[in-house]
Amino acid sequence: MTLHETYMLRCLQLARNGLGAVAPNPMVGAVLVHGDRIIGEGWHRRYGGAHAEVECLGSVRGADRALIPESTIYVSLEPCAHHGKTPPCADLLVAERVPRVVVGCRDPFPAVAGKGIEKLRAAGIDVTVGVREAECRGLNAAFFTAHTQGRPFITLKWAQTADGQIAGFRGRRTAISNALSARLTHRLRATHAGILVGTNTALYDDPELSTRHWPGAQP
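Under our numbering, think of the first position of the sequence shown as 39, with each following residue one higher.
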């Protein structure tokens with residue numbers, strides 16, 4: 039594993055802290071490295087809040103702030119280049135004189151889509167793109183699906199018995215999956231905006247379709 043891959047893995051770990059809190063924005067993590075030492079970390083914490091790069095640079099303390107112009111920032115998604123709910127992160131990196139930026143993957147959102155990278159390079163910043171790219175894209179599969187295919191990201195979930203049955207005898211309510219499966223299901227619910235169920239599931243199971251077994255937003 040290269041150093042770039044190691045630090046990008048940390049970005050991915052940080053980004054996951056935003057699970058269920060940042061949608062429809064993507065989850066993003068950032069790490070600032072000087073030499074072989076991490077001097078700043080951050081992630082996008084909530085929709086409408088500061089982006090990962092802002093959180094990362096804001097976490098740098100004391101004498102370490104003087105090291106920013108000698109450091110490398112790793113970010114799991116291309117820094118934004120447009121004014122939305124927050125100012126452009128690319129502008130911040132230029133203003134803070136960060137000399138090197140390592141990007142996990144490009145942002146498919148049309149207002150960014152390569153423009154952040156172009157802005158950084160135009161300012162003389164050394165930009166590397168595509169470190170752990172598949173993992174960075176996979177982290178935000180719903181976001182990428184929405185902006186590249188123009189449709190929602192869909193997860194199909196069902197439970198069945200060893201002999202292929204998905205319901206009890208004559209509609210009788212029967213538990214097929216176990217407690218662990220229930221927690222995993224509720225985790226999925228916490229990361230999706232809506233749930234569709236069949237008519238018989240609604241009539242016979244009368245499911246709550248909540249996230250009571252997993253901390254997170256209700257779909």
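We treat Cβ as the ideally placed atom computed from N, Cα and C, and that holds for glycine.
Integer Cβ distance of glycine 80 from glycine 96, believed to fall under 8 Å
By 1-based counting over the sequence shown, the position of residue 80 is 42. By 1-based counting over the sequence shown, the position of residue 96 is 58. Yes, they are in contact, since the Cβ atoms of glycine 80 and glycine 96 sit about 7 Å apart, within 8 Å.
DSSP bridge partner residues for valine 141 (one or two, in chain order):
Along the sequence shown, read from residue 1 onward, the residue named residue 141 stands at position 103. DSSP output for valine 141 lists Val113, Val167 as bridge partner(s).
Hey, which unbroken runs of the alpha helix (DSSP H) at 4 residues or more fall wholly within the region 167-255?
171-177, 179-187, 217-228
Closer than 7 Å: glutamate 134 CB and nearest the ligand SAH heavy atom
Within the structure as shown, the ligand SAH is missing, as the structure has no ligands at all.
Which same chain residues end up closer than 8 Å to arginine 250 when comparing Cβ atoms and leaving out the 5 residues on each side of it in sequence?
Working through the sequence shown from its first residue, we reach residue 250 at position 212. Cβ neighbours of arginine 250 beyond the five flanking positions: His224.
Using only the alpha-carbon positions, how far apart do cysteine 143 and threonine 166 sit?
Walking along the sequence shown from the start, residue 143 turns up at place 105. Walking along the sequence shown from the start, residue 166 turns up at place 128. Spanning the two alpha carbons is a distance of roughly 10 Å.
Just how far apart, CA to CA, sit alanine 161 and tryptophan 252?
Translated into positions along the sequence shown, residue 161 becomes position 123. Translated into positions along the sequence shown, residue 252 becomes position 214. For alanine 161 and tryptophan 252, the distance between alpha carbons rounds to 45 Å.
Expected contact under 8 Å - CB spacing of alanine 205 and threonine 212 to nearest Å:
As a position in the sequence shown, residue 205 is number 167, starting the count at 1. As a position in the sequence shown, residue 212 is number 174, starting the count at 1. So it is a contact: roughly 7 Å between Cβ atoms.
Under the DSSP definition of a beta bridge, which residues are partnered with glutamate 79?
Taking the sequence shown and counting its residues from 1, one reaches residue 79 at position 41. Per DSSP, the beta bridge partners of glutamate 79 are Val69.
Pick from Glu156, Cys94, Ala231, Gly154: whose alpha carbon is nearest that of arginine 48?
Here the question's residue 48 lines up with position 10 in the sequence shown. Measuring from the Cα of arginine 48, the nearest candidate turns out to be Cys94.
Can at least three beta-carbon pairs, one atom from the region 102-110 and one from the region 54-68, be found at a separation below 8 Å?
no
Distance, Cα to Cα, tyrosine 242 vs alanine 217?
Translated into the one-based positions of the sequence shown, residue 242 becomes position 204. Translated into the one-based positions of the sequence shown, residue 217 becomes position 179. One C-alpha to the other measures close to 20 Å.
Contact between the region 69-88 and the region 193-205 is defined here as three or more beta-carbon pairs at a separation below 8 Å; is this criterion met?
no
Which same chain residues, not among the five before or five after threonine 110, have their C-beta less than 7 Å away from its C-beta?
Stepping through the sequence shown from its first residue, residue 110 is reached at position 72. For threonine 110, where only same-chain residues beyond five positions count, the Cβ hits under 7 Å are Val71, Arg138, Val140.
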